[in-house]
Amino acid sequence: MRTKIEEVGLTFPSALWLIVFFLIPTSVIIFYAFKPGDLYGGIGEGWTLSNILNLFNPRHLAILWRTVWFSLLTTGICLLVALPTGFFLAQISLKNRRILLLLIVVPFWTSFLIRVFAWKSLLHPEGFLKKALVALHFVHEDTLLLYNAGAVLLVMVYTYLPFAILPLFTAAEKFNFNLFEAAMDLGATRSRAFYKVFIPSIKPGILTAFLMVFIPAMGAYVIPDIVGGVNNEVLGNKIAQRTFVDRDLPEASALSLSLALAVLLPMMVIFCLQATGSDKKKSKKASNS
Amino acid sequence: MNVKRFSFWVTFGTLIFFYLPILMLVITSFNESRFGGVWRGFSLKWYHQLFSEETLWKALTNSLMIGIGATLVSSILGTLAALSLHRYRSMLQKAHYGLIYTPLVVPDVLMGISLLLFFVTIHLRLGLFTIFIAHTTFCLSYVTFVVLARLQTLDHALIEAAEDLGASYWQIFWRIKLPQLFPAILSGALLAFTLSIDDFVITFFVAGPGSTTLPIYIYSLMKFGSTPIINALSTVLIVATFAIVWIVQTITREQK
Amino acid sequence: MSDSLEFDNVIKGFGTVKALNEVSFSIKKGEFFSLLGPSGCGKTTLLRLVAGFEKLDSGRILLDGQDITNLPANQRPINTVFQSYALFPHLNVWDNIAFGLRIAKHSKAYIKKEVEAMLALIQMEEHAYKKPDYISGGQKQRVAIARALVNRPRVLLLDEPLAALDLKLRQRMLLELDLIHDEVGITFLYVTHDQNEAMAVSDRIAILNRGKLEQIGRPIDLYEAPKSSFVAAFIGDTNFLDGWVAEQKLKEYSLLSIENFPKVLCFNDKQLSVGDPVHMSIRPEKIHISRERPADRPLINSMPGIVEDIIYQGDHTKFGVRVDGHRMTVFQQHSRFLLDESPITWNDKVWLWWHPDDGFILERYQMMKENDVENSFEKSEQEQSELGKI
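Chains as they are written, first to last, in the working numbering: chain A, 317 to 605; chain B, 181 to 436; chain C, 43 to 432.
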């Protein structure tokens with residue numbers, strides 16, 4: 317009995333905080349989604365399904381699709397780049413590894429907004445990069461590097477790449493590279509060994525990396541806002557717009573719900589995939605002799 | 181091309197990719213001209229303009245205050261959470277774990293808007309206080325996981341040894357557990373502070389008029405303000421970040 | 043000498059597995075007592091029960107006559123030396139040793155005196171202010187011992203403390219432990235799976251197998267007069283012979299009839315009668331081997347055989363000799379300059395003989411499970427020995 321009270325006491329502070337400031341607000345969204353908005357930007361009386369039904373109109377579905385598509389593309393590119401990088405990092409000496417890891421992580425300690433801004437500057441029509449590319453005849457004078465899907469994708473990959481590199485590197489580090497040599501000893505070429513031995517064994521890392529990029533990418537707001545054009549709006553933008561510009565909180569809530577669902581589904585899929593792959597932890601025996 | 185070579189070039193390319201924009205920014209901040217495309221000579225005038233901006237200093241102060249506050253509260257709450265998650269294995273803890281884990285996977289936009297609606301519903305005025313609450317909320321989970329990871333690698337034999345030598349639970353906590361945990365708690369706190377200072381989206385949703393934080397200030401500059409100042413500001417922040425990282429590295433290396 | 047520690051019908055299970063099954067015995071004050079057995083036999087569990095880290099299911103543990111079964115670990119006047127040493131990494135050697143004394147709220151002067159005395163005992167005065175990361179394995183072990191002993195416990199528990207050390211260091215530390223025990227004089231309860239260690243330093247040994255007490259006694263009792271085949275096989279090497287009593291020859295000697303083997307004379311201290319089944323054990327070093335046939339005597343077992351296997355060990359050679367349907371293991375000590383002699387070699391026809399007093403009849407014969415036998419041969423120094431065919 318005594319330990320139960322102790323347990324509840326220890327759990328109470330953090331649990332209470334999160335219930336009040338996380339769980340309840342999340343439920344509030346669900347609540348609001350079913351209420352009508354009033355003319356002055358507040359909440360109307362009664363209940364309505366109109367916000368939910370609105371989710372199924374083509375404009376919204378288009379935005380939802382675009383959000384998912386952007387996120388998938390970003391995740392795919394990030395994984396493709398992060399895999400060789402993680403592989404490389406895991407192979408080099410420990411001292412070099414630490415230095416390289418630091419080099420990779422440090423830019424991300426600078427402000428996120430600033431990094432987005434740096435790209436906006438770099439891709440600016442009057443900017444240095446554009447001028448250099450034009451001089452090299454890679455692009456036409458009139459093409460815009462900014463305010464299009466490409467820019468959004470580029471900056472998203474830039475932002476989320478470390479989130480893909482770190483879990484993949486962690487998984488690669490745990491990989492026993494002797495297995496590589498064993499495979500080659502049995503006749504596999506280097507690349508065959510890579511695909512058949514290395515990749516399957518870091519599958520959990522790949523799944524984690526997928527989640528760590530896909531979910532934040534789905535919630536992207538700032539990047540499309542700063543470097544994207546009008547045609548590159550994603551869910552995040554729409555939610556912000558409904559909240560601050562249109563002052564339509566119920567519809568913003570409904571949109572949020574759709575975002576939440578779009579994020580929840582892949583999460584559950586990945587969890588199932590992770591659960592089937594992982595070892596079950598053996599129950600801890602106090603001693604074995 | 182063999183795999184090792186290929187992966188080396190990808191890594192190399194990635195590093196260049198990471199540093200290119202930052203480098204550009206720093207260089208441009210010293211550019212006399214307004215636009216990055218043309219170099220018109222070395223100048224510090226954007227820095228002068230930057231440092232005379234009143235709003236900048238106010239935003240910085242706000243960010244620091246909130247950062248310190250959120251770090252303190254989330255560190256305490258997060259450590260307590262980690263201790264209970266590690267010590268007990270009941271259904272309550274399973275639910276507790278879910279509660280702590282979920283904020284980490286929820287996109288910022290969702291968290292921002294849910295807190296906004298919550299504050300509106302309970303008629304809490306949006307301002308620095310609401311920002312503080314929001315920051316503490318998302319920092320909590322990070323601190324918990326950092327401390328929990330350390331707890332899990334803690335040698336259980338140490339606890340038994342202390343018990344064997346006569347220590348009570350509290351004595352074990354203060355003399356053994358806490359000193360062992362301290363670096364982890366510090367790491368978690370540092371992480372929380374960084375997250376708080378840098379947060380934009382959630383802060384944007386729950387900030388009231390007149391309560392600016394550094395990221396919000398930067399955003400407003402980006403959308404409406406003078407571009408070259410941002411270059412200067414960015415460079416200052418980048419240099420500050422590198423300096424802090426370098427200092428931390430030297431300290432931790434000395435300790436080894 | 044009174045009893046220091048007493049175990050009364052101790053039962054402890056984990057899930058469906060009984061780690062300890064009705065274990066009862068007692069340890070005398072000041073004894074160096076070892077718990078020996080293969081992995082999974084329950085020895086560590088027993089130690090942890092004494093320390094207080096586990097609760098037993100039923101039974102009692104008594105310390106100096108007082109029931110400590112339900113006393114929490116931090117209130118027992120018992121201290122443990124852990125296998126991993128468990129030194130507090132954030133404290134230096136001095137503070138590690140002083141830890142228990144500070145918890146007990148002794149005066150500063152007392153603590154200083156005691157810690158310095160301990161440091162002298164373990165010869166670590168120069169390293170007193172180093173942190174555990176900066177001292178070697180052997181030094182860590184000494185600090186762990188000091189940290190426990192400084193509290194003057196009534197019993198010192200040692201959980202395979204030498205397991206993490208290399209061979210030479212192990213041998214040295216074992217001697218040091220013995221010396222410390224002699225100097226300090228308290229009861230040591232020592233857990234190990236290395237029989238050589240246990241035999242070298244213990245006053246008495248308890249052999250455990252699968253949670254049950256097999257035999258308890260002095261090392262010499264266990265070696266020369268094992269009660270069961272498990273003990274006979276676990277400690278040292280031996281040859282097993284099964285048969286039945288064929289004839290009673292002279293008052294104490296019985297002639298045993300063994301399948302595929304010549305008849306064997308054996309000292310019958312178990313009062314077996316003609317027709318009774320018997321299990322006998324004869325240790326390899328008690329058997330003589332030679333090319334010449336030994337002189338006939340009334341009390342001798344001699345038989346011819348062929349050498350199948352030779353393992354030369356320098357000071358002795360281990361022979362595998364085929365006698366009828368059995369393979370006997372024989373040790374021959376080389377007490378003369380071997381190069382002057384023509385040593386026995388493969389396929390040689392040899393004679394084996396031993397005195398009937400030197401074999402022993404086992405009380406209990408257990409079916410050897412593979413684990414039991416394999417586990418006793420864990421250590422690399424112990425060669426794989428093939429027992430006589432059973």
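Backbone N, C-alpha and C fix where the C-beta goes; we use that ideal spot for every residue, glycine too.
All figures in this text were calculated on a predicted structure; none of them were measured in a lab.
Query - Cβ neighbours of glutamine 257 of chain C in the same chain (closer than 7 Å, five flanking residues each side left out) - result: Ile249, Leu264, Pro268, Lys269, Ser270 and Val273
Report task. Sort C/Ser46, C/Asn310, C/Phe230 and C/Met322 by Cα distance to glutamate 301 of chain C and report the nearest one. Result -> C/Met322
Query - Between the CA atoms of asparagine 494 of chain A and glycine 544 of chain A - distance to the nearest angstrom - result: 46 Å
Requested in this report: Buried or exposed for tryptophan 333 of chain A, please, with buried defined as at least 16 other CB atoms from any protein chain shown within 10 angstroms of its CB.
Outcome: buried
Query - Candidates A/Leu438, A/Ala398, A/Ala499 and A/Trp363: closest to isoleucine 522 of chain A by CA position - result: A/Ala398
Query - Within chain C, the residues that leucine 334 of chain B reaches when beta carbons sit closer than 8 Å - result: Those do not exist, as leucine 334 of chain B stays about 10 Å from chain C at its closest Cβ, beyond 8 Å.
Query - Rounded separation between isoleucine 379 of chain A and leucine 469 of chain A - CA only - result: 15 Å
Query - Selection from A/Val344, A/Ala487, A/Ile408 and A/Met528 that minimises the alpha carbon distance to isoleucine 586 of chain A - result: A/Met528
Query raised in the report: Under the three-state reduction of DSSP, which class applies to glutamine 426 of chain C: helix, strand or coil?
Result: Because the pLDDT of glutamine 426 of chain C is 35, which lies under 50, any placement of that residue in the model is unreliable, and the question is left without a value.
Requested in this report: Mind checking who histidine 368 of chain C pairs with in its DSSP beta bridge?
Outcome: C/Val365
Query raised in the report: With distances taken between CB atoms, is the gap from aspartate 99 of chain C to serine 68 of chain C smaller than 7 Å?
Result: no
Query - Buried versus exposed call for methionine 584 of chain A [16 or more other C-beta atoms within 10 Å across all chains shown] - result: exposed
Query raised in the report: For glycine 347 of chain C, is the classification buried or exposed, using 16 other Cβ atoms within 10 angstroms of its Cβ as the cut-off for buried?
Result: buried
Query raised in the report: Does the Cβ of cysteine 588 of chain A have 16 or more other Cβ atoms within 10 Å, making it buried, or fewer, making it exposed?
Result: exposed
**Report entry** Option in B/Thr421, B/Ser264 and B/Leu394 with minimal Cα separation from glutamate 233 of chain B
**Finding:** B/Leu394
Query raised in the report: Which residues in the same chain have their Cβ closer than 6 Å to the Cβ of glutamate 202 of chain C, if we skip the five residues on either side of it in sequence?
Result: Gln125, Val233 and Thr234
Query raised in the report: If we ignore side chains and look at the alpha-carbon of each, how far apart do tryptophan 396 of chain C and threonine 58 of chain C end up?
Result: 47 Å
Query raised in the report: From the beta carbon of threonine 194 of chain B, is the nearest beta carbon of chain A less than 7 Å away?
Result: yes
Requested in this report: Kindly list, in the order they appear in chain C, the residues whose Cβ is closer than 7 Å to that of alanine 337 of chain B.
Outcome: Phe124, Ser126 and Ala128
Requested in this report: Using a Cβ-Cβ cut-off of 7 Å, state whether isoleucine 145 of chain C counts as contacting chain B.
Outcome: yes
**Report entry** Chain-ordered neighbours of methionine 534 of chain A on chain D, where CB pairs are closer than 7 Å
**Finding:** This model lacks chain D altogether; the protein chains it does include are A, B and C.
Query - Straight-line Cα distance separating glutamate 266 of chain C from valine 287 of chain C - result: 22 Å
**Report entry** Counted within 10 angstroms of its Cβ, other Cβ atoms place glycine 142 of chain C as buried (16 or more) or exposed
**Finding:** buried
Query raised in the report: Could you give the distance in angstroms between the alpha-carbon of glycine 325 of chain A and the alpha-carbon of alanine 337 of chain B?
Result: 26 Å
**Report entry** Candidates C/Arg212, C/Gly55, C/Arg339 and C/Val365, of which the one nearest aspartate 351 of chain C by Cα
**Finding:** C/Val365
Query raised in the report: Under 7 Å Cβ-Cβ, which residues of chain A neighbour histidine 303 of chain B?
Result: What histidine 303 of chain B touches in chain A: nothing, since even the nearest Cβ is about 12 Å away.
Report task. Please list, in chain order, all residues of the same chain as isoleucine 164 of chain C whose beta carbon is under 6 Å from its beta carbon, the five residues on each side excluded. Result -> Arg184 and Ala188
Query raised in the report: Can you name, in chain order, every residue of its own chain whose Cβ lies under 7 Å from the Cβ of alanine 262 of chain B, other than the five neighbours on each side?
Result: Thr324, Val327, Leu328 and Leu331
Query - Reduced DSSP secondary structure (H/G/I, E/B, other) of alanine 32 of chain C - result: Outside the shown range of chain C (43 to 432) lies residue 32 of chain C, about which nothing can therefore be said.
Query raised in the report: Is lysine 597 of chain A close to chain B, meaning its C-beta is less than 7 Å from at least one C-beta of that chain?
Result: Any answer about lysine 597 of chain A is weak, because its pLDDT of 38 lies below 50 and its placement is not dependable; what the coordinates show is given next. Chain B, which has no Cβ nearer than 7 Å to the Cβ of lysine 597 of chain A, makes this no.
Query raised in the report: Taking the alpha carbon of asparagine 547 of chain A as the point to measure from, which residue in A/Leu482, A/Ser427, A/Phe526 and A/Ala467 has its own alpha carbon closest?
Result: A/Ala467
Query - Same chain only: Cβ atoms within 6 Å of leucine 307 of chain C, ignoring 5 sequence neighbours per side - result: Tyr295, Leu297, Asn343 and Pro398
Query raised in the report: To which residues of the same chain is aspartate 595 of chain A closer than 6 Å at the C-beta, ignoring the five residues directly before and after it?
Result: Note that aspartate 595 of chain A scores a pLDDT of 43, beneath 50, so its modelled location is shaky; the value from the coordinates is reported in the next line. If we look at aspartate 595 of chain A and ignore the five residues flanking it on each side, it has no Cβ neighbours.
Report task. Mind the definition here: the stretch 359 to 377 of chain B touches the stretch 221 to 240 of chain B only if three or more C-beta pairs lie below 8 Å; say whether that holds. Result -> no
Query raised in the report: Which residues in the same chain as leucine 200 of chain C place their Cβ atom closer than 6 Å to its Cβ, once the five residues preceding and following it in sequence are excluded?
Result: Val123 and Tyr232
Requested in this report: Return the residue from the list C/Leu62, C/Gln117 and C/Phe75 that minimises the CA-CA distance to proline 82 of chain C.
Outcome: Checking the sequence shown, residue 82 of chain C turns out to be glycine, not proline. For the residues C/Leu62, C/Gln117 and C/Phe75, the minimum Cα distance to glycine 82 of chain C belongs to C/Leu62.
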